[in-house]
Amino acid sequence: MSPDGAAEHPLFGLARAAQPGGDVRTSASGPVDSPAGGNRLSGPLADPSAEAGYSERHPERMGFFTDTSVCIGCKACEVACKEWNLLEEDGLDLTGMSYDNTTELGATTWRHVAFVEQRIDPSTRARVDIGMPGMGAPSTTPEEGADSDATEVRWLMSSDVCKHCTHAACLDVCPTGALIRSEYGTVVVQDDVCNGCGYCVPACPYGVIDIHPDNGGAFKCTLCQDRLGSGLAPACATACPTESIQYGPLDQLRQRAEQRLEQLHEQGMTEARLYGQDPTDGVGGDGAFFLLLDEPEVYGLPPDPVVTTRDLPAMAAHAAIAAATAALTVAACFLGGRR
Amino acid sequence: MKARADRGAGAEGSDRSAGHETREPFRSYYGRPIIKEPTWKVPDVPAYLYLGGMAGASSVMGALAQLRGYSRLRRVGLLCAAGGSGASVLALIHDLGRPRRFLNMLRVFKPTSPLSVGSWILAPFSALSGAVAVSELTGFARPLARVVAGFAAVLAPAMTTYTAVLLADTAVPGWHETRRELPFVFAFSSVAAAGALGTGLAPRSEAAPARRMAVIGSLGELLASRVLEQRAGRIAEAYRTGRAGTTLRTARVLAAGCALGALFARRSGSVAVLVAASGTAASAATRYGVFEAGRETARDPYYTVVPQRQDGRSER
């Protein structure tokens with residue numbers, strides 16, 4: 001928050017956004033189309049904060065660009081996140097999943113570094129099965145051994161985080177108004193409002209947010225909301241030694257990501273791709289997006305996530321027709337005689 | 001919070017696990033789930049789904065019985081509406097991670113949240129139904145209670161289906177991909193449950209409408225469930241196998257038994273009691289089976305990855 005914009009104090013902004021007027025995102029009535037002309041439940045949306053009711057003086061939309069091509073798997077982001085946000089240790093199991101003993105994002109893990117080991121042909125960069133213990137039928141592991149060119153081991157590492165979706169399903173379905181859009185365009189949980197109903201957990205198409213087993217509330221990455229107001233970058237991005245995690249205004253990050261992608265393609269890394277940067281995708285684009293070197297599902301990311309609230313008008317219509325059917329069925333049962 | 005990578009598939013393992021021979025191969029991160037499994041508890045949430053639906057249909061039954069002069073069936077319907085919705089509220093509160101904050105549900109009204117809309121249906125419905133039940137039992141302000149029962153019955157149909165939208169508006173493939181059929185399964189299941197209770201609890205001379213509800217509701221539930229599975233595509237596997245499959249098959253047998261029994265329940269009190277038991281069990285088992293099928297599709301990355309890969313950006 002810039003000091004000269006202090007008239008719109010962050011806390012007042014939050015409080016107001018939590019009121020019904022700030023939360024209502026329906027397209028059921030009135031001219032509610034976004035500035036981009038899209039549906040408010042899905043599709044491109046230029047300024048989620050303005051749509052949530054912040055004044056025009058709100059800060060730019062901030063986000064993460066995680067460039068996994070330079071991630072070295074140091075987990076400094078995980079540690080910095082835990083330290084800054086006072087997240088407790090949540091298990092010390094050895095999982096057998098390469099160096100990943102964190103396993104997934106959750107209520108006490110807001111950054112998670114994924115590790116994938118692959119054997120590739122250094123000339124073609126074609127992927128070959130590394131022969132990890134698996135449940136695949138023999139036919140799914142054809143090249144192993146036969147392809148003597150597959151000599152190079154490639155280590156895919158990616159630091160996963162809340163995507164801060166343009167259309168956030170967790171925020172849409174939250175019945176208490178605990179989940180809100182911040183002035184930075186991010187999605188944060190107000191812990192003092194959350195009643196632990198758990199609806200956000202299955203609503204998230206990325207499996208990010210979770211209920212804390214001890215205190216019952218929902219928790220996830222806040223993009224270090226408590227640092228942004230002081231002009232500090234989030235802890236993970238600050239700790240990242242390779243600038244794999246880049247923090248900044250989302251528009252700039254998107255441009256930088258396109259340049260980086262072009263650069264990698266020129267270097268022959270044609271497998272590089274951006275994930276979550278497209279405002280026309282199923283969630284209207286992510287506030288935290290990625291450059292990946294393989295398919296999203298290899299990193300545990302959904303290939304084509306959708307904010308299911310997109311279908312809410314149709315679902316409500318089906319439910320209304322079904323409810324009317326139930327009422328008419330009962331009424332019809334009273335039409336006959338008493339036998 | 002941590003789970004082991006028990007599926008054993010390597011990060012690069014194309015999963016074609018035993019018992020899934022017809023599945024397309026797909027890639028995943030050590031076979032781990034992509035979305036989070038709902039943290040909603042059993043039996044709290046399946047009970048919440050069943051009780052709310054049963055209460056809704058019972059309320060309509062009670063109000064129509066009141067109009068048509070079935071005084072004993074009215075009593076059963078209105079009391080079941082109050083008891084069911086009250087218990088539904090308790091089940092919902094018990095499921096909360098922070099139950100003492102349950103009133104935060106009514107802090108805002110959010111049309112984008114089926115649970116917010118549902119809370120604003122459930123809260124007035126259970127309050128009105130509870131007031132009607134007090135009058136029914138004590139005789140206090142009976143003329144007013146008849147009007148209030150009518151108001152509750154206007155909210156009541158929504159009680160039978162809002163929970164279907166609640167489940168469908170999630171990233172859980174087993175619920176979202178069945179979003180068109182789920183409200184009809186829940187609606188008919190609710191009618192059957194209320195009809196079954198009316199058949200068993202009201203005198204046989206007054207229970208004719210309830211018996212018809214049990215028959216038509218059960219048949220409707222069977223039909224809607226069948227359509228759901230036929231249209232579910234890949235997701236149908238989760239509805240047909242495992243614990244969900246067993247539960248739903250049991251529910252179908254019970255629903256068929258309920259419908260058949262209701263045809264003969266006029267002559268025998270013991271058959272009427274059996275109808276009540278089987279209809280209640282069928283409706284509860286249907287909710288639990290749907291709940292369990294959804295949880296399975298959340299646990300298994302196949303249901304997230306393959307449909308998203310193959311259906312592209314189309315309507316899913």
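So the protein sequences, as listed, match chains A and B. When we follow the UniProt record's numbering, the leftmost residue of the first sequence carries the number 1, and every step to the right adds one. When we follow the UniProt record's numbering, the leftmost residue of the second sequence carries the number 1, and every step to the right adds one. Cβ atoms here follow ideal geometry from the backbone N, Cα and C, with glycine treated the same way. Predicted model only: the values in this text are computed from it and were never measured.
By the Cβ neighbour-count rule, W155 (chain A) is exposed, with fewer than 16 other Cβ atoms within 10 Å of its own.
By the neighbour-count criterion, in which a residue is buried when 16 or more other Cβ atoms sit within 10 angstroms of its Cβ, F334 (chain A) is buried.
Neighbours of H164 (chain A) across chain B, judged by C-beta separation under 8 Å, do not exist; the nearest C-beta is about 16 Å away. The secondary-structure analysis by DSSP pairs P249 (chain A) across a beta bridge with A:M62. A distance below 7 Å separates the beta carbons of S28 (chain B) and P301 (chain B). S158 (chain A) has A:A114 as its beta-bridge partners, per DSSP. Burial is judged here by how many other beta carbons sit within 10 angstroms of a residue's own beta carbon; H164 (chain A) has at least 16 and is buried. For D304 (chain A), the closest Cβ of chain B is nearer than 7 Å.
Restricting attention to beta strand (DSSP E) runs no shorter than 3 residues, the region 252 to 310 of chain B encloses none.
Within the model, the alpha-carbon separation for L87 (chain A) versus A76 (chain A) is close to 14 Å.
Only residues of its own chain outside the window of five on either side were considered, and among them R204 have a CB closer than 7 Å to the CB of G269 (chain B), listed in chain order. DSSP places Y239 (chain B) in no beta strand (DSSP E) but in the uninterrupted alpha helix (DSSP H) bounded by 236 to 240.
Cβ proximity to chain A below 7 Å picks out A57, V60, M61, L64, R68 from the region 46 to 78 of chain B. Between F186 (chain B) and A214 (chain B) the beta-carbon gap is near 16 Å, outside 8 Å, which marks them as no contact. Assigned with DSSP and collapsed to three states, G106 (chain A) falls in strand. Taking the Cα of A168 (chain B) as reference, the smallest distance to any Cα among B:T22, B:K41, B:A293, B:R32 is reached at B:A293. Setting aside the 5 residues that flank it on each side, V45 (chain B) is surrounded in the same chain by D95, each with a C-beta closer than 6 Å to its C-beta; the list follows chain order. Along the length of the region 228 to 300 of chain A, whole alpha helix (DSSP H) runs at least 4 residues long occupy 235 to 239, 250 to 266, reported in chain order.
When secondary structure is reduced to three states using DSSP, V227 (chain B) falls in the helix class. Rounded to the nearest whole angstrom, the CA to CA distance from V42 (chain B) to Q255 (chain A) is 47 Å. F264 (chain B) counts as exposed, since fewer than 16 other C-beta atoms from the protein chains shown sit within 10 angstroms of its C-beta. Along the region 19 to 45 of chain B, the positions whose C-beta sits under 8 Å from a C-beta of chain A are P25, F26, R27, S28, Y29, Y30, G31, R32, P33, I34, I35, K36, E37, P38, T39, W40, read in chain order.
Per DSSP, reduced to three states, the secondary structure at C74 (chain A) is coil, with no helix or strand assignment. Interface criterion not met: the Cβ of T241 (chain B) is under 7 Å from no Cβ in chain A. In summary, the residues of the region 201 to 221 of chain A whose CB is separated from some CB of chain B by less than 9 Å are V201, P202, A203, C204, P205, Y206, G207, V208, I209, D210, I211, H212, P213, N215, G216, G217, A218, in the order they occur in the chain. Going by C-alpha positions, W84 (chain A) is about 10 Å away from E78 (chain A). Secondary structure note for I180 (chain A): its beta strand (DSSP E) is the uninterrupted segment 179 to 181. Looking from the CA of T68 (chain A), the closest CA among A:E266, A:A257, A:L232, A:P303 belongs to A:A257.
In terms of Cβ geometry, G62 (chain B) and G77 (chain B) form a close pair [threshold 7 Å]. Within chain A, not a single residue places a beta-carbon under 9 Å from that of Y302 (chain B); the smallest gap is close to 10 Å. Around the Cβ of L94 (chain A), a 10 Å sphere holds fewer than 16 other Cβ atoms; the residue is exposed.
With a cutoff of 7 Å on beta-carbon distance, G195 (chain B) and A210 (chain B) are scored as near each other. The C-beta separation of E296 (chain B) from A238 (chain B) comes to about 5 Å, placing the pair in contact by the 8 Å criterion.
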